[in-house]
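Residue numbers (our numbering): -10 to 147.
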């Protein structure tokens, strides 16, 4: 019978192997997979905003937004896309001496740029579609309110 879980040492080994493999991906693949991840996350975030912008109950709105936003993360995992936050774990194989530091930095750079491009593509698409005018402009106002709140957070709260 095949075991369905990994022991802690096996988890660490899988993390080191996966991180090293990600660090060595070609730039073209990093960019394409980064763009996909950025688009998935932006799409899920906007889907959350659309769903909750008129819900008066804060608890219900946050629960629904969290559920819908998680679909973006699921898409990233299922598609094998490259999301910057997950790739920050590439530091582990670097610390273990398996991956050169310059490959980690190269990965971070191109994945971050890809995530930015993908998210900007979705933002432009949303803007040009007129979607922000939903509910008499309430969706646009809500989106601005969320963006202002998140960009106003200090480093420890962000």
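Built from N, CA and C at the ideal position, the CB exists for glycine as well.
Since we're looking at a predicted model, the values are computed, not measured.
| request: For residue 73, count neighbouring C-beta atoms within 10 Å of its own C-beta (all shown protein chains included) and say buried if the count is 16 or more, exposed if not. | output: As a working note, residue 73 is residue 84 in the chain shown. It counts as buried.
| request: Please classify residue 65: is it buried, with 16 or more other beta-carbons within 10 angstroms of its beta-carbon, or exposed? | output: One-based indexing of the chain shown puts residue 65 at position 76. Looking at its Cβ environment, which holds 16 or more other Cβ atoms inside 10 Å, residue 65 is buried.
| query | Under three-state DSSP, which class holds residue 42? | reply | As a working note, residue 42 is residue 53 in the chain shown. In this structure, residue 42 counts as coil in the three-state DSSP scheme.
| said: Does residue -9 come out as helix, strand or coil in the three-state DSSP assignment? | reply: Residue numbering aside, residue -9 sits at position 2 when the chain shown is read from its first letter. Of the three classes helix, strand and coil, the one that applies to residue -9 here is coil, per DSSP.
| request: Could you tell me whether the segment 21 to 34 touches the segment 55 to 65, using the rule of 3 or more Cβ pairs below 8 Å? | output: Cβ pair count under 8 Å is three or more, so yes.
| message | Check this for me: beta carbons of residue 78 and residue 8, under 8 Å apart or not? | response | Residue mapping note: residue 78 aligns to position 89 of the chain shown, counting from 1. Residue mapping note: residue 8 aligns to position 19 of the chain shown, counting from 1. Their beta carbons are under 8 Å apart, which means residue 78 touches residue 8 by this criterion.
| Pick from 39, 16, 24 and 0 that is closest to residue 93, judged by C-alpha positions | Mapped onto the chain shown, residue 93 falls at position 104. Residue 93 has its Cα closest to that of 16, out of 39, 16, 24 and 0.
| message | So for residue 71, helix, strand or coil by DSSP? | response | Here residue 71 corresponds to residue number 82 of the chain shown, with the count starting at 1. Reduced to three states, the DSSP call for residue 71 is coil.
| message | So, does the segment 111 to 120 touch the segment 32 to 40, judging by three or more C-beta pairs under 8 Å? | response | Yes, since at least three Cβ pairs between the segment 111 to 120 and the segment 32 to 40 fall closer than 8 Å, the two stretches touch.
| If we count the other Cβ atoms within 10 Å of its Cβ and call it buried at 16 or more, is residue 139 buried or exposed? | Position 150 of the chain shown, counting from 1, holds the residue named residue 139. Answer is exposed; the Cβ neighbour count stays below 16.
| task | Look at the Cβ atom of residue 189, then the Cβ atom of residue 5, and state whether they are nearer than 8 Å. | result | Because the chain spans -10 through 147 in this model, residue 189 falls outside it and cannot be assessed.
| field | Residue from 141, 131, 83 and 76 whose Cα sits closest to the Cα of residue 98 | value | Walking along the chain shown from the start, residue 98 turns up at place 109. Ranking 141, 131, 83 and 76 by Cα distance to residue 98 puts 76 first.
| Inter-residue Cα distance where the pair is residue 54 and residue 40 | As a working mapping, residue 54 is identified with position 65 in the chain shown. As a working mapping, residue 40 is identified with position 51 in the chain shown. The straight-line gap separating the alpha-carbon atoms of residue 54 and residue 40 is approximately 7 Å.
| Just the Cα atoms here: how many angstroms apart are residue 133 and residue 125? | Position 144 of the chain shown holds residue 133. Position 136 of the chain shown holds residue 125. Residue 133 and residue 125: Cα-Cα distance of roughly 14 Å.
| Cβ atoms of residue 25 and residue 107: under 8 Å apart, would you say? | Position 118 of the chain shown, counting from 1, holds the residue named residue 107. Position 36 of the chain shown, counting from 1, holds the residue named residue 25. Yes, they are a contact pair.
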